[in-house]
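Visitor: Can you keep this structure in mind? I'll have questions shortly.
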Amino acid sequence: MERGTITIKGKDVVINAPHNEIWMRQHELADLFQCFVSKINANVRAILKSGVLDETKVCRTYYYKNGNSVEQYNLEMIVALSFRIRSYNADAFREFIVTKATADTSTKQILIYSDWNQNAMLN
Numbered sequence: 155m156e157r158g159t160i161t162i163k164g165k166d167v168v169i170n171a172p173h174n175e176i177w178m179r180q181h182e183l184a185d186l187f188q189c190f191v192s193k194i195n196a197n198v199r200a201i202l203k204s205g206v207l208d209e210t211k212v213c214r215t216y217y218y219k220n221g222n223s224v225e226q227y228n229l230e231m232i233v234a235l236s237f238r239i240r241s242y243n244a245d246a247f248r249e250f251i252v253t254k255a256t257a258d259t260s261t262k263q264i265l266i267y268s269d270w271n272q273n274a275m276l277n
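Mapping of the sequence shown onto my numbering: position 45 corresponds to residue 199, and the numbering continues sequentially without gaps.
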């Protein structure tokens, strides 16, 4: 199963989402945000306890053939974590998210006026 991931190099955020889904493991998130796995786990617990996110939608368990398992978290949880963790990479990721969310995606508006008895006018 191919999972999407996020990497940060300097201020550059690279999102690799082959199936438009991102699921990352605790240790990958710790690497991403330059912190310990225990910080990731504590913040995940706090986010879930607050009820801000639904655990059934943002967390999943992947089971290996040998019986071991690992928790994975989706983009919604990753964004929430980025606002709770203070690190250079978390700052870079937050900036990336906010920039993308507030990007000017407006297009030129075209006014079409039509009078049933007259020709249409384009502006």
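From the three backbone atoms N, C-alpha and C, an ideal C-beta is built for every residue, glycine too.
How long is the line joining the alpha carbons of ILE162 and ASP208, rounded to whole angstroms?
Guide: In a straight line, the C-alpha of ILE162 is about 26 Å away from that of ASP208.
Visitor: Provide the residue span of the beta strand (DSSP E) that contains LYS203, from first to last.
Guide: Careful: LYS203 lies outside any beta strand (DSSP E), inside the alpha helix (DSSP H) at 191 to 204.
Visitor: If you count every other CB in all the chains shown that lies within 10 Å of the CB of TYR218, and 16 or more means buried, which is it?
Guide: It is exposed - the Cβ of TYR218 has fewer than 16 other Cβ atoms within 10 Å.
Visitor: I'd like the span of the alpha helix (DSSP H) that includes ILE162, first residue to last.
Guide: Element bounds for ILE162: not the alpha helix (DSSP H) but the beta strand (DSSP E), 159 to 163.
Visitor: Keeping to the same chain, check which residues put their C-beta closer than 8 Å to that of TRP270; ignore five residues upstream and five downstream.
Guide: Annotation note: pLDDT 46 at TRP270 (below 50); position unreliable, no value reported.
Visitor: Reducing DSSP to helix, strand and coil, say where ASP258 ends up.
Guide: Of the three classes helix, strand and coil, the one that applies to ASP258 here is coil, per DSSP.
Visitor: Could you tell me which of SER204, ASN228, ALA234, VAL233 sits nearest to ASN174, measuring between CA atoms?
Guide: Closest by alpha carbon: ASN228.
Visitor: From the DSSP output, read off the bridge partner residues of ASN228.
Guide: Per DSSP, TRP177.
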